[in-house]
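At the far end of the sequence shown sits residue 511, using our numbering, and the numbering has no gaps. Remarks on the structure that follows.
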Amino acid sequence: MSDQHLLLLSILTPFAGAIGIVLLRQRPNLREAVTLLSATLVCIIVVTIFMRFDNAGLMAVDIAEPLPGLKIRFEIESLGMLFALVASMLWLITSIYAIGYMRQHKEKNQTRFYAMFAIAIGSTLGIAFAGNLITLFLWYELLTISTYPLVAHAGNKKARHGARTYLGILLGTSIGLLLLAILITYNVAGTLDFQQGGILAGKLDPAWSGLLYALFIFGIGKAAVMPFHRWLPAAMVAPTPVSALLHAVAVVKAGVFTVLKVTIYIFGTDFITSSGANDWLIWFAGATILLASLIAMIQDNLKMRLAYSTISQLSYIVLGALLATNTSLLGAALHISMHAFAKITLFFAAGAILVAAHKTDISDMGGLGRAMPITFGAFLIGSLSIIGLPPFGGMWSKWYLGMGMVETGQWLLLSVLLASSLLNIAYLLPIPARAFFGKAPDGTTHHRIKEAPPSCLVAMTITSLACVLLFFYPDPFYELAMDIGGTK
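Set out below in C-alpha cells:
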C-alpha cells in the first residue's frame with residue numbers, strides 16, 4: 024500500500040469505526056471490540072507511516088480544490104508525525120481504560136461516547152496531517168463539534184452548562200479570531216500552504232506582524248492561553264476518559280500543535296525574531312504558566328486541580344513556540360509527547376479513584392493509597408514526570424525549554440519556568456503523600472475499597488511505564504522534534 028493510501032486510511036479508519044460502533048449499539052461486547060480494533064488498526068497504520076517516514080521526501084495528497092488555489096491537502100512532516108504518534112498510541116490505551124471505567128461507573132449513552140470518541144480521534148489525525156491552514160481549520164472545527172457531546176455526556180444541568188461554555192469559547196475564538204487571521208494571511212501571502220521558513224517574510228509589514236501573530240495565538244483557543252482558558256475547567260464535567268482525551272490525546276494538544284505549525288510554517292522563526300512579533304506575547308504565556316499553577320494549588324477537586332495544571336503546562340509549549348529558537352522549538356515539540364503520557368496517567372488515576380472509592384476531593388483521600396497502591400503509585404510517577412525530575416521523560420522537554428530561555432537571555436522567563444516547577448511539586452506531590460501516609464478525615468479505614476477494574480489498571484501501568492521509558496529512550500519523539508527545530 025502506498026504512503027498516500029496509508030495517510031488517508033489513518034484518518035478514515037476512526038470514522039469507519041464510529042459507524043461500526045453505532046451499528047452494534049445493541050451488542051456492547053462487539054461494540055467495544057470494534058472500538059479496540061479501530062484503535063489498534065490506527066496505531067498500526069500510524070506506526071507504519073512513521074517507519075517509512077523520511078522528512079527529506081514529503082508525503083502529500085490533494086483531496087479537492089473547492090476554491091482556486093485553496094486545496095484540501097494532507098501531508099506528513101515531522102511535527103505532524105509526532106502528534107499523530109501520540110494521538111494514535113494514546114487512543115488505544117484510553118480505549119482499554121474507558122471500557123472498564125464506563126462499565127464500572129454504569130455510564131449511560133455509551134454507544135454515543137465511543138462513536139464520538141472515534142470521530143474526535145479521526146479529526147485529530149486530520150489536524151496532524153493537514154497540509155495547509157484551510158485544511159487544518161476545517162478539522163480543528165470538526166474536533167470542537169465532535170467533542171461537545173462528550174463534554175455534555177452526563178446530560179444534567181451542570182454538564183450542559185459546562186458544554187456550552189466549552190463550545191462557546193472554542194467556536195468564538197476560532198471564528199472570531201483564528202478565521203480572521205487566516206483570511207488576512209491569505210490576502211497578504213496569496214497562499215495558505217505550510218512552507219519551511221514561513222510564507223509571510225517579505226510580504227507582511229513587520230509593524231503588523233505582532234497583531235497578526237496575536238490573532239493566531241488567542242484565536243487558537245484550544246491552547247488555553249489566558250484569558251481564553253475557561254473552557255478547559257468547564258469541560259471537567261465530562262467523564263474521566265473524556266478528560267483524558269481533552270488533556271492528553273486530542274483537544275489541547277491540537278491547540279498547541281496548531282500554534283507550533285503557525286509559528287514554524289506560516290510566520291517562520293526568522294521573521295518572528297526579526298520583526299519582534301513575539302516581544303509582548305511571551306508575557307501572556309509566562310503569566311498563564313504562573314497564574315494557572317497558583318490557581319491549581321487552591322483546588323480541592325482533583326480534576327479541577329489537574330485542569331489548571333494542564334493550562335499551565337500548555338503555555339510551556341506556547342512559550343517555546345514564541346521564543347522561536349531551535350532549542351525552544353525542540354523543547355516545545357517534546358513537551359507535546361512528554362506531557363501527554365504524564366497527564367493522561369494522572370487523569371486515569373483520578374477516574375480510578377472515582378469508580379473504586381467514589382471520591383473526587385483531595386481532602387477526602389487520606390489513607391486511600393494503602394487501599395489503592397497501584398493507582399496512587401501511577402499518580403506519583405505521572406506527577407514526577409510533570410514536575411520534570413529524572414528518571415522521567417518530562418525532564419527532557421523542560422530542559423530544552425529552559426535552554427531556549429538561556430540562549431535568548433530571557434532570565435525572567437526562566438525564573439517563571441523554575442517557579443512553576445516548584446509549584447508543580449506543591450500542588451501534585453501532597454496528593455500521593457496524603458494518600459499513602461495520611462488518615463481518612465473521619466478516622467475510618469478504607470479496607471473495603473479495592474483497586475479499579477483491571478483494564479483501568481492496565482492502562483495506568485502502561486502510561487506510567489512510558490513516563491520512565493521516555494527518559495531512557497526518547498529517540499522516536501526526539502528525532503522528530505530535532506527535525507522540527509532544525510537542529511539536525
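Beta carbons are placed, not taken as given, at the ideal position from N, Cα and C, and that holds for glycine.
The beta carbon of leucine 47 is closer than 7 Å to those of Leu53, Arg54 and Val57 in its chain, skipping five residues each way along the sequence.
By the Cβ rule, the segment 118-134 does not count as touching the segment 67-86, because fewer than three pairs are nearer than 8 Å. Under the three-state reduction of DSSP, proline 89 is assigned to strand. Cβ contact annotation for glycine 92 (same chain, cutoff 8 Å, sequence separation greater than five): Gly213 and Thr214, in chain order.
Straight through space, the alpha carbons of phenylalanine 371 and isoleucine 454 are spaced by roughly 15 Å. If only complete runs of 4 or more residues are kept, the segment 308-376 shows the alpha helix (DSSP H) at 325-346, in order along the chain. Per DSSP, alanine 271 lies in no alpha helix (DSSP H) and is assigned neither H nor E. Residue pairing by DSSP puts valine 84 in a beta bridge opposite Phe97. With respect to leucine 436, glycine 278 sits apart: the two C-beta atoms are not nearer than 8 Å.
By the beta-carbon neighbour count (other beta carbons within 10 angstroms, threshold 16), tyrosine 339 is buried. Shown here, aspartate 387 sits in a helix according to DSSP, grouped into three states. Looking at the DSSP output, aspartate 216 sits in a beta bridge with Asn155. The alpha-carbon of tyrosine 124 is positioned some 44 Å away from that of glycine 291. Shortest Cα-Cα distance from leucine 352 to any of Leu503, Arg183 and Gly149 involves Leu503. Counting only the Cα atoms, threonine 147 lies some 11 Å from phenylalanine 160.
The C-beta of arginine 328 has 16 or more other C-beta atoms within 10 Å across all chains shown, which makes the residue buried. For glycine 405, the enclosing alpha helix (DSSP H) has its first and last residue at 396-410. Within the model, the alpha-carbon separation for leucine 32 versus asparagine 155 is close to 19 Å. Just so you know, the alpha carbons of glycine 220 and aspartate 293 end up roughly 7 Å apart.
Taken through DSSP and simplified to helix, strand or coil, methionine 505 comes out as helix. Apart from the 5 residues on each side of it in sequence, threonine 188 sits with its Cβ closer than 7 Å to the Cβ of Arg253, Trp254 and Ala257 in its chain, given in chain order.
Between the segment 357-369 and the segment 401-421, the count of Cβ pairs shorter than 8 Å is three or higher; the stretches touch. Arginine 471 sits in coil when the DSSP states are folded into three classes, being neither helix nor strand. In summary, leucine 234 is exposed, with fewer than 16 beta-carbon neighbours lying within 10 Å of its beta-carbon over all protein chains present.
In this structure, alanine 356 and leucine 105 form a Cβ contact; the two beta carbons are roughly 6 Å apart against a cut-off of 8 Å. For serine 386, same chain residues with a beta-carbon under 7 Å away, outside a window of 5 residues either side, are Asp323 and Pro464 in chain order. For the 8 Å CB-CB criterion, isoleucine 243 and leucine 201 form a contact. With fewer than 16 other Cβ atoms from the protein chains shown falling within 10 Å of its own Cβ, isoleucine 321 counts as exposed.
Following the DSSP letters along the chain, one finds tyrosine 423 inside the alpha helix (DSSP H) bounded by residues 417-430. Going by DSSP, lysine 129 is part of no alpha helix (DSSP H) at all; its letter is neither H nor E. With distances taken between CA atoms, aspartate 302 lies nearest to Tyr236 out of Tyr236, Phe251, Asp498 and Arg96. Cβ neighbours of lysine 284 within its own chain (closer than 6 Å, five residues either side excluded): none. When secondary structure is reduced to three states using DSSP, methionine 112 falls in the helix class. Minimum Cα-Cα distance from threonine 333 among the listed residues Ile397, Val248, Ile289 and Gly390 corresponds to Val248.
Here DSSP, grouped into helix, strand and coil, assigns serine 487 to helix. Under the three-state reduction of DSSP output, histidine 381 falls in the coil class, being neither helix nor strand.
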